[in-house]
Amino acid sequence: MPLLGVNIDHVATVRQARRTNEPDPVHAAVLAELGGADAITVHLREDRRHIQDRDVRLLKEICRVRLNLEMAVSDEITKIALNLVPDQVTLVPERREEITTEGGLDVKTHFQRIRQCIDQLQGVGIMCSLFIDPDVAQVEKARELGVEAVELHTGCYADARTPEKIEYEFDRLREAGLYANAQGLKLNLGHGLTYRNVRRVAEIHCVHELNIGHSIVAQAMMVGFERAVREMKQLVTL
Ligand code: PXP
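Going by the working numbering, the sequence shown opens with residue 154, and the numbers climb by one from there.
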């Protein structure tokens with residue numbers, strides 16, 4: 154049964170729209186845990202557009218489940234991670250103009266830089282995951298780096314609109330996912346997953362964790378955070 158990581162960035166997005174102190178992502182994290190979240194995920198971006206340093210500090214103190222910090226391969230954020238020691242770091246690409254994380258990390262091109270970052274993080278006992286496209290060559294490079302997990306980008310699967318394209322993208326995910334699993338890597342999936350499209354990928358037999366943010370936060374506005382998480386948890390563990 155896959156675990157559910159709940160990404161609470163967009164609770165902070167609403168707060169930052171007014172630069173005020175509500176809604177508080179720390180509050181959302183507590184409710185997410187009550188709803189059955191297995192991990193809390195936040196992305197501390199270099200531009201601090203949603204999650205702030207204070208959020209990560211407090212989450213580290215109050216989370217009873219695993220805290221997964223998403224971050225770019227950046228000296229500034231690496232320093233923060235080394236100080237804070239979250240349970241897990243997921244390295245992601247980051248571009249200032251993007252609305253959300255667009256593609257996976259190019260592990261082939263940035264191999265040395267990523268290696269240095271991972272060495273530092275693993276050196277203080279942080280479990281490392283790499284957010285990559287569903288591509289066997291990228292998985293292979295991730296394995297060479299000695300990370301514990303990969304998170305395959307499900308954005309193309311989520312955006313596919315025709316049955317043929319959905320099948321094509323699903324097959325890419327499954328193939329890269331099975332390869333990752335066969336290499337001894339934990340297989341996580343995330344990005345663009347919703348209450349409508351999650352079942353199919355949750356059924357890939359070796360999936361360790363699904364990381365879902367926007368759809369849960371959107372549903373939480375209608376039914377409350379705890380219930381929104383519980384509904385997603387039921388779907389992924391059916
Ligand atoms: N996984 C990673 C690595 C991400 O960057 C994001 C978006 O911040 C997510 C999962 C969650 O994506 P969504 O908000 O579309 O569910």
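Every residue gets a Cβ at the ideal spot worked out from N, C-alpha and C, and that includes glycine.
This structure is a prediction, so every number in the text was calculated from the model and none was measured.
Fill in: Near the ligand PXP: residue 304 beta-carbon under 8 Å from a heavy atom
yes
Worksheet item: Is the closest heavy atom of the ligand PXP to the C-beta of residue 264 under 8 Å?
Response: no
Practice prompt. With residue 215 as the anchor, note down where its beta strand (DSSP E) starts and where it stops.
Written response: Per DSSP, residue 215 belongs to no beta strand (DSSP E); it is in the alpha helix (DSSP H), 206 to 215.
Worksheet item: Relative to the alpha-carbon of residue 235, which residue among 388, 362, 277 has its alpha-carbon at the smallest distance?
Response: Cα-wise, what sits closest to residue 235 is 277.
Fill in: With 16 other Cβ atoms within 10 Å as the buried cut-off, status of residue 341
buried
Worksheet item: Which of helix, strand or coil does DSSP assign to residue 233?
Response: Residue 233: helix per DSSP, three-state reduction.
Fill in: Close beta carbons around residue 336, own chain, < 6 Å, minus the five adjacent residues each side
296
Discussion item. Is it buried or exposed, residue 317, if we count other Cβ atoms within 10 angstroms and call 16 or more buried?
Written reply: exposed
Worksheet item: Nearest CA to the CA of residue 361: which residue from 168, 257, 252, 302?
Response: 302
Worksheet item: If residue 343 and residue 364 are in contact, beta carbons under 8 Å, what's the gap, nearest whole angstrom?
Response: The beta-carbon distance between residue 343 and residue 364, rounded to whole angstroms, is 3 Å. This is short enough to meet the 8 Å contact definition.
Item to complete: Sort out for me which residues DSSP pairs residue 304 with in a bridge.
Response: According to DSSP, residue 304 bridges with 284, 341.
Worksheet item: Near residue 383, what residues of its chain come up, given a Cβ to Cβ distance below 8 Å and the 5 sequence neighbours on each side ignored?
Response: 188, 189
Worksheet item: If we ignore side chains and look at the alpha-carbon of each, how far apart do residue 231 and residue 270 end up?
Response: 7 Å
Item to complete: Please state whether DSSP places residue 252 in a helix, a strand or coil.
Response: coil
Discussion item. If I follow the unbroken alpha helix (DSSP H) through residue 388, where does it start and stop?
Written reply: Residue 388 -> alpha helix (DSSP H) spans 378 to 390.
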